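Just below is one structure, and these are the notes that go with it.
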Ligand code: PMP
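Residue numbers (the working numbering): 77 to 373.
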């Protein structure tokens, strides 16, 4: 996929630049050691035709927390970065887009702290999906990193080596995506998304501690409250998940996407009849700020 062309503009350390002309240092600590933090954000063309970055504050606040967790210098203001992001979108003529801010380290082959960081904001086109395609998911042989070895709640680049291994393994085995367990063998999350399952009219999702606490996960919890759907955060096994009525992944890029099967075993409740499907629809409406028709008397 082409992320940029000759006209693409990105933002780098305070300046708007052509993506094709921006450069980075091959001696960077981030490139060599995966020592960087990033965000995955989306903008949507709303029902009223405006461009709206979904949960912009939550994402840029998490970027700051991730940088701080990694001891990386970070002196950005969330509202300033949001303003800049809207400008990057406009300069690239994009409304439905994926937004990738990245904070990375300068040239440094040691493990020492840096006195400065670089920050870039890149955008590319991404149309909303939220379709009825269902995923065939495989339980990965890879587990999520031990939270005592990594700051698992930070969105750090190096953590994604684990995601890449798991996702590539699932695809090599003919599946659409991987499900990773935590170091104790309980369900954790996907390579780039959180997981929920539905059983007897109730939703369940892994508690925090071994997962990236997703902003979409928080949005799904919010939707459950709005729709009066009972939901519980708890620890559970893949066997419990496999016996569920329905299941889905949720994340900024994945949005809310249902599962067809886990390890070849299909979920029994038709997706269209599930509460999960209702949540998927509510998420779709939320991101484009769909105004529900006022009831008329
Ligand atoms: N878990 C992992 C490992 C992720 O990479 C992501 C994507 N950022 C998520 C969960 C979902 O997070 P969010 O809803 O904030 O995109």
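We treat Cβ as the ideally placed atom computed from N, Cα and C, and that holds for glycine. A quick note: this is a predicted structure, and the numbers were derived from the prediction, not measured.
Helix, strand or coil for residue 175 per DSSP?
strand
Between 288, 266, 364, which has its C-alpha nearest residue 333's C-alpha?
It is 266 whose Cα lies nearest to the Cα of residue 333.
Distance between residue 194 and residue 107 (C-alpha atoms, nearest Å)
13 Å
State yes or no: is the C-beta of residue 258 within less than 8 Å of the C-beta of residue 220?
yes
Pull up the distance between the alpha-carbon of residue 138 and that of residue 159, whole angstroms please.
17 Å
Residue 358, DSSP secondary structure in three states:
The three-state reading of DSSP puts residue 358 in helix, counting H, G and I together.
According to DSSP, residue 194 sits in a beta bridge with which residue or residues?
180
Taking DSSP's pairing of strands, which residues face residue 337 in a bridge?
Within the DSSP secondary-structure output, residue 337 pairs in a beta bridge with 212, 342.
With 16 other Cβ atoms within 10 Å as the buried cut-off, status of residue 368
exposed
Return yes when at least one heavy atom of the ligand FMN lies under 7 Å from the C-beta of residue 253, else no.
As presented, the structure is devoid of the ligand FMN, carrying the ligand PMP as its sole ligands.
Mind listing, in chain order, the continuous beta strand (DSSP E) runs of no fewer than 3 residues lying wholly within the region 277-338?
278-282, 307-310, 322-327, 331-338
So, residue 364 versus residue 84, is the Cβ gap smaller than 8 Å?
no
For residue 330 and residue 232, what's the separation of their Cα atoms in angstroms?
19 Å
Using a threshold of 7 Å, is the CB atom of residue 231 nearer than that to any non-hydrogen atom of the ligand PMP?
Yes, Cβ of residue 231 sits closer than 7 Å to a heavy atom of the ligand PMP.
Assign residue 131 to buried or exposed, taking buried as 16 or more other Cβ atoms, counted over all protein chains shown, within 10 Å of its Cβ.
buried
Does the beta carbon of residue 270 fall short of 7 Å from some heavy atom of the ligand PMP?
yes
Output yes or no for whether 8 Å exceeds the beta carbon distance between residue 264 and residue 286.
yes
I need the DSSP call for residue 373, collapsed to helix, strand or coil.
Because the pLDDT of residue 373 is 47, which lies under 50, any placement of that residue in the model is unreliable, and the question is left without a value.
Decide if residue 260 is buried, meaning its Cβ has at least 16 other Cβ atoms within 10 Å, or exposed.
exposed
Who does residue 275 pair with in a DSSP beta bridge?
278
At which residues does the alpha helix (DSSP H) containing residue 82 begin and terminate?
Here residue 82 belongs to no alpha helix (DSSP H), and DSSP marks it neither H nor E.
DSSP three-state assignment for residue 131, whether helix, strand or coil
In this structure, residue 131 counts as coil in the three-state DSSP scheme.
Close-in-space but distant-in-sequence residues of the same chain around residue 189 (CB under 6 Å, 5 per side omitted)
147
Run through DSSP, which three-state label would residue 164 get?
helix
Give me, in chain order, the residues of the same chain whose beta-carbon lies closer than 6 Å to that of residue 79; leave out the 5 immediate sequence neighbours on both sides.
200
Alpha carbon of residue 224 to alpha carbon of residue 273, nearest angstrom
27 Å
In terms of residues, what are the limits of the beta strand (DSSP E) holding residue 246?
Residue 246 -> not in any beta strand (DSSP E); alpha helix (DSSP H) instead, spanning 236-248.
Quick check on residue 228: buried or exposed, where buried means 16 or more other Cβ atoms within 10 Å of its Cβ?
buried
Which same chain residues, not among the five before or five after residue 300, have their C-beta less than 8 Å away from its C-beta?
279, 306, 307, 355
Use the C-beta contact count for residue 341: other C-beta atoms within 10 angstroms, 16 or more gives buried, fewer gives exposed.
exposed
Is residue 157 helix, strand or coil by DSSP?
Reduced to three states, the DSSP call for residue 157 is helix.
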